[in-house]
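Novice: Here it is, the structure, as structure tokens.
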Amino acid sequence: MYICMYICMYICMYICMYTCMYIRMYICMYVCMYVCMYCVCMYVCMYVCMYVCMYVCMYVVYVCMYVCMYVCMYVCMYVCMFVMYECVYVCMYVCIYVYMYIFMYICMYVYTYVYALVCIYIYVADLDLVRRHLARMGPNLSKRRSTTMDRCIHVHQATAVHYLQVEIMESRVQLTCPECTELMHPSDIYSLMANCPEMLEKYETFALRRALMMDPDTRWCPAPDCTFVSIYRL
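Okay, here's the thing in structure tokens:
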């Protein structure tokens, strides 16, 4: 009986030992398996999340860069187009005004030149007409119908006024007869130009200027409102 008991005890002990070993091994295996699975899944998830986040961020950054690039490009393009349009507009107006000013200046210069030529032509033609008229009427004039000149009877009363007007307009002071070298006296000029005060005033101005140029040692008349000049010869 003791032997049976001993055998049973050994059998139970071995059974318990193997059972515990098996259970412990099974538990360890499952624990290790779950731990490994958890670690592997966690590692995989971490990498997956990291790559996903990285690619998403890269895509977002790329899209933002693309959008910003296009926005900046279009903004710069429109700003440059606006600036170029304004510059072209301003340059066009400046060129138009410059060309208009140059054209107006040229037209004014041409008009002045043509007007001066026409005036010179009219004066010359008028003077030639007076001289031809004097040459035609001179031989038929009598001394009674002539001016107060003592030694010249060529200048007729009707034509001398016009002749003197033309000569005074050309700033001539020493006036002579158009047919001879007889110098007209200022009294004759005053008598002929009595009805032309403007021409007389101009003639007096020219005569005064000539007197001042010929003899600079001059003195003005001390009387008030007098325009005569007294010439002192020392």
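Numbering follows numbering that gives the first Met the number 0, in which position 211 of the sequence shown is assigned residue number 210; successive positions increment by one, without gaps. Backbone N, C-alpha and C fix where the C-beta goes; we use that ideal spot for every residue, glycine too. The structure presented is a predicted model; accordingly, all values stated were derived computationally and were not measured.
Look at the alpha carbon of Val-30 and the alpha carbon of Cys-19, and state the distance between them as a whole number of angstroms.
Specialist: 16 Å
Novice: Quick one: Cα of Met-91 to Cα of Val-97, how far?
Specialist: 10 Å
Novice: Buried or exposed for Met-148, going by 16 or more other Cβ atoms inside 10 Å?
Specialist: In this predicted model, Met-148 has a pLDDT of only 44, less than 50, meaning its place in the structure is not dependable enough to derive any value.
Novice: Let me know if Ile-2 comes out buried or exposed under the rule of 16 or more other beta-carbons within 10 Å of its beta-carbon.
Specialist: It is exposed - the Cβ of Ile-2 has fewer than 16 other Cβ atoms within 10 Å.
Novice: Please classify Met-192: is it buried, with 16 or more other beta-carbons within 10 angstroms of its beta-carbon, or exposed?
Specialist: buried
Novice: In angstroms with no decimal places, state the Cα-to-Cα distance between Cys-67 and Tyr-84.
Specialist: 25 Å
Novice: Any idea what DSSP makes of Cys-195, helix, strand or coil?
Specialist: coil
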